[in-house]
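By UniProt numbering, the letter at position 19 of the sequence shown is numbered 19, and the numbering carries on one by one without gaps.
Right, one structure below, let's go through it.
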Amino acid sequence: KEAGNINTSLLILGKCINALRHNQQAKLVQHVPFRESKLTHYLQSFFCGQGKACMIVNINQCASMLDETLN
1 KEAGNINTSL LILGKCINAL RHNQQAKLVQ HVPFRESKLT HYLQSFFCGQ GKACMIVNIN
61 QCASMLDETL N
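Have a look at this one:
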């Protein structure tokens, strides 16, 4: 179930990015579905230029975990 929720959030994130990109070039403004997931709802101010973002990355130093780390 968790993987499905993650995939849904990523799908909505993609929709938001596409709508924002479309709105930069189009005369007819498209609705941006920020409220369709918690992830995009939290990131709304960042995407609208009113917030700051910080990325936290976790990297495993073991050679056996290289493929997983690169993903």
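Even glycine gets a Cβ: it sits at the ideal position worked out from N, Cα and C.
Judged by their CB atoms, residue 34 and residue 41 are nearer to each other than the 8 Å cut-off. In the DSSP assignment, residue 19 falls within the unbroken alpha helix (DSSP H) covering 2-25. The residues 59, 60, in chain order, have a CB closer than 6 Å to that of residue 69 in the same chain once the five nearest residues on each side in sequence are set aside. Counting every other CB atom within 10 Å of its CB across the protein chains shown gives residue 17 a total below 16, marking it as exposed.
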